[in-house]
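Line by line, the protein sequences are chains R and H. With the first letter of the first sequence counted as 1, position 240 gets the number 256 in my numbering; the numbers rise by one all the way through. With the first letter of the second sequence counted as 1, position 184 gets the number 200 in my numbering; the numbers rise by one all the way through. Just so you know, even glycine gets a beta-carbon here, dropped at the ideal spot from N, CA and C. Here's the structure we're looking at; comments come further down.
2 protein chains.
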Amino acid sequence: VLPLALDAMGGDNAPGDIVAGGVAASKELGVDVVLVGRPEVLAELDTGGLKVLAASEVIEMAEDAGKGVRTKKDSSLVRAAEAVRDGKASAMVSAGNTGATMASALLRMGRIKGVIRPAIATPIPLPGKRPTILLDAGANAECTAEMLVQFARMGSAFASARYGNERPRVGLLSIGEEPGKGDPLRKETFKLLAEDSTICFAGNVEGRDVLTDAVDVIVTDGFTGNVTLKTLEGALRTISAAVFEVMVGTEEAKAASAPLLPGLLAVAGELDPDTTGGAMLLGVEGVCIISHGSSSERAIVNACRQARDMVEHGLVDRLRMAISD
Amino acid sequence: VLPLALDAMGGDNAPGDIVAGGVAASKELGVDVVLVGRPEVLAELDTGGLKVLAASEVIEMAEDAGKGVRTKKDSSLVRAAEAVRDGKASAMVSAGNTGATMASALLRMGRIKGVIRPAIATPIPLPGKRPTILLDAGANAECTAEMLVQFARMGSAFASARYGNERPRVGLLSIGEEPGKGDPLRKETFKLLAEDSTICFAGNVEGRDVLTDAVDVIVTDGFTGNVTLKTLEGALRTISAAVFEVMVGTEEAKAASAPLLPGLLAVAGELDPDTTGGAMLLGVEGVCIISHGSSSERAIVNACRQARDMVEHGLVDRLRMAISD
């Protein structure tokens with residue numbers, strides 16, 4: 017079995033938490049992980065005996081993605097993608113610069129034949145339920161109806177591979193449930209999706225359906241998808257902070273809150289994106305996990321688990337079939 | 017002083033809660049309210065001595081807006097808009113069909129000179145802070161950069177009139193903070209906003225800034241704005257439900273929760289859109305409040321208060337100046 021290529025240098029908490037996550041994943045999941053990054057930096061850390069794939073450069077979080085990938089040929093991201101391309105790793109995992117992760121995967125692994133543009137699929141955690149997969153979460157600010165149809169197919173294949181959901185319901189994110197609602201892109205996409213017999217199209221969904229199990233896959237352009245996900249993130253943060261303030265506002269409140277904390281922390285955990293194992297770049301010739309920039313050690317373990325599962329479940333083959341159908 | 021024209025027939029809870037809200041507004045705020053609707057229906061309710069403007073038809077919530085306004089010339093919405101146009105009412109308030117409310121206002125009152133398209137401005141309530149105004153919340157699924165610049169100006173004028181905020185900071189909703197981020201519409205709009213000396217442009221904001229006080233006015237197209245607002249709405253609902261479940265899950269939890277409830281209900285109240293007085297249609301020749309379809313009696317009181325305040329603060333004159341500057 018090939019190892020997972022983990023970009024040890026990418027992420028707000030890199031390299032410490034990333035390496036710790038790789039070590040934990042190797043122990044807990046029994047997966048083989050290769051750390052990609054600067055040997056001299058990694059030598060300072062407890063790498064738990066994991067192999068190191070040397071890469072002398074780092075594409076920084078805020079760096080221009082295209083330029084970074086073009087000029088830093090010996091960066092951890094580019095080397096991780098090459099390892100997958102060259103059959104030396106089964107998948108790549110990075111919490112680094114999202115644009116550069118996409119560009120590395122796309123340029124080094126290449127596109128699945130027929131795919132117009134790869135998309136980022138993000139599982140949105142729901143309390144007590146299977147996550148809803150939203151795509152495109154930001155890879156393509158501009159989309160055509162044909163791209164959205166491919167996203168629907170790829171998202172369905174991902175939902176099948178990830179959650180064993182053999183007939184995932186697909187919703188088109190719009191501003192009204194009726195078929196005629198939305199801008200010209202949604203109207204055209206609606207028609208194409210309704211005619212596509214390879215997917216289970218459930219019609220339009222609205223923003224208020226995103227954090228519910230109304231459908232299993234939500235399709236939208238990368239601009240709207242990115243705004244939607246970040247809106248959810250901000251809402252979760254603001255509401256949690258407000259609830260927390262009530263619970264610790266007075267000594268009486270603190271005392272009263274104590275028995276509720278385990279349950280509330282469990283809810284917060286269920287809604288925490290770190291638990292879902294990160295987003296996936298769908299449409300490239302390999303498994304590529306894009307973990308949140310703020311990934312913790314735990315998030316990296318979950319990302320590695322997802323990478324392993326997607327390799328085992330033959331995600332890339334499923335995507336190929338979904339596109340060629 | 018002219019009365020407010022309240023569409024008594026529009027909304028999920030019409031006419032009961034709407035009429036009750038009008039009666040309460042008249043008592044609590046001392047505003048004069050005229051109920052617009054079917055006299056025979058209103059005669060069955062306690063209208064607290066409010067005057068009635070007869071309208072024999074009703075545009076239903078799910079009805080096609082354009083067709084409704086064209087064919088139902090004696091509908092409560094059309095009559096309410098005519099009352100403002102004819103100087104018989106100072107403002108209109110409706111919790112009915114949003115599209116039909118917009119169309120009635122636009123067709124009967126007309127557009128402010130120079131306005132390309134009116135927009136819906138929605139105050140997003142924040143815990144403990146002044147709401148952030150988001151526009152366009154759904155009037156225009158497709159927008160040009162010139163329209164977004166007008167929305168920035170109108171939103172600023174509204175923030176000034178509504179919250180006494182004389183130099184509101186305007187953010188452009190995009191998928192990254194840097195000037196170059198986003199689709200071509202955002203890039204073009206960014207340049208125009210940066211050059212517009214009549215507003216205080218703070219640059220791009222992201223979805224995660226929506227439920228914060230990062231800026232005072234957030235400008236976006238009506239498609240993205242509508243998805244964003246409904247995403248917030250759904251998130252609030254799902255998270256509240258999950259927290260509530262923990263708090264009443266066991267007898268022990270129920271007992272522990274009791275002292276926390278007042279504080280948590282206060283937070284829920286602060287985040288409740290009903291408290292902000294509803295959305296406003298900006299760019300028409302009159303004050304038009306679009307209240308949430310699910311408006312309660314309390315929401316209608318708040319909407320009437322906002323209508324009165326916007327008339328008193330000369331909102332329409334301010335919008336005229338903002339556009340002609």
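What is the C-beta distance between residue i and residue j, in whole angstroms, given that I count them as a contact (C-beta under 8 Å)?
i: residue 244 (chain R); j: residue 226 (chain R); result: 6 Å
i: residue 222 (chain R); j: residue 43 (chain H); result: Wrong, their Cβ atoms sit about 36 Å apart, outside the cutoff.
i: residue 77 (chain H); j: residue 37 (chain H); result: Between residue 37 (chain H) and residue 77 (chain H) the Cβ distance is about 17 Å, and since that is not below 8 Å, they are no contact.
i: residue 216 (chain R); j: residue 235 (chain R); result: With 8 Å as the limit, residue 216 (chain R) and residue 235 (chain R) do not qualify as a contact, their Cβ atoms being about 12 Å apart.
i: residue 300 (chain R); j: residue 122 (chain R); result: 6 Å
i: residue 51 (chain R); j: residue 24 (chain R); result: 4 Å
i: residue 19 (chain R); j: residue 49 (chain R); result: 6 Å
i: residue 294 (chain H); j: residue 307 (chain H); result: 4 Å
Tell me, please, whether the CB atom of residue i is closer than 9 Å to any CB atom in chain H?
i: residue 206 (chain R); result: no
i: residue 143 (chain R); result: yes
i: residue 318 (chain R); result: no
i: residue 164 (chain R); result: no
i: residue 263 (chain R); result: yes
i: residue 139 (chain R); result: no
i: residue 254 (chain R); result: yes
i: residue 199 (chain R); result: yes
i: residue 297 (chain R); result: no
i: residue 195 (chain R); result: no
i: residue 220 (chain R); result: no
i: residue 154 (chain R); result: yes
i: residue 275 (chain R); result: yes
i: residue 338 (chain R); result: no
i: residue 111 (chain R); result: no
i: residue 186 (chain R); result: no
i: residue 286 (chain R); result: yes
Could you name the residues that DSSP lists as bridge partners for residue i?
i: residue 108 (chain R); result: R:21 and R:304
i: residue 296 (chain H); result: H:137 and H:305
i: residue 67 (chain R); result: R:50
Check whether chain R comes within 9 Å of residue i, counting only Cβ atoms and requiring the distance to be less than that.
i: residue 246 (chain H); result: yes
i: residue 250 (chain H); result: yes
i: residue 272 (chain H); result: yes
i: residue 134 (chain H); result: no
i: residue 311 (chain H); result: no
i: residue 189 (chain H); result: yes
i: residue 117 (chain H); result: no
i: residue 79 (chain H); result: no
i: residue 76 (chain H); result: no
i: residue 283 (chain H); result: yes
i: residue 181 (chain H); result: no
i: residue 240 (chain H); result: yes
i: residue 225 (chain H); result: yes
i: residue 56 (chain H); result: no
i: residue 291 (chain H); result: no
i: residue 7 (chain H); result: Nothing in the structure corresponds to residue 7 (chain H), since chain H is present only between 17 and 341.
i: residue 63 (chain H); result: no
Which two residues bound the contiguous alpha helix (DSSP H) that contains residue i?
i: residue 187 (chain H); result: No alpha helix (DSSP H) contains residue 187 (chain H), which is instead part of the beta strand (DSSP E) from 185-189.
i: residue 132 (chain H); result: Run containing residue 132 (chain H): none; DSSP gives neither H nor E here.
i: residue 176 (chain R); result: 161-179
i: residue 318 (chain H); result: 313-328
i: residue 56 (chain R); result: 55-58
i: residue 30 (chain H); result: Residue 30 (chain H) -> no alpha helix (DSSP H), and no H or E assigned at all.
Tell me which residue opens and which closes the beta strand (DSSP E) that residue i is part of.
i: residue 141 (chain H); result: 135-142
i: residue 331 (chain R); result: Careful: residue 331 (chain R) lies outside any beta strand (DSSP E), inside the alpha helix (DSSP H) at 331-340.
i: residue 147 (chain R); result: 145-151
Going by the C-beta, is residue i closer than 8 Å to any heavy atom of the ligand ZN?
i: residue 83 (chain R); result: You won't find the ligand ZN in this model; it holds no ligand whatsoever.
My parser needs the beta strand (DSSP E) runs of 3 or more residues fully inside the segment 193-277 of chain H; what are they?
Within the segment 193-277 of chain H, the runs of beta strand (DSSP E) at least 3 residues long that lie entirely inside it are, in chain order, 216-221 and 233-235.
Ranges of the beta strand (DSSP E) found wholly within the segment 72-127 of chain H, counting only runs of at least 3
Counting only runs of 3 or more, we get 107-110.
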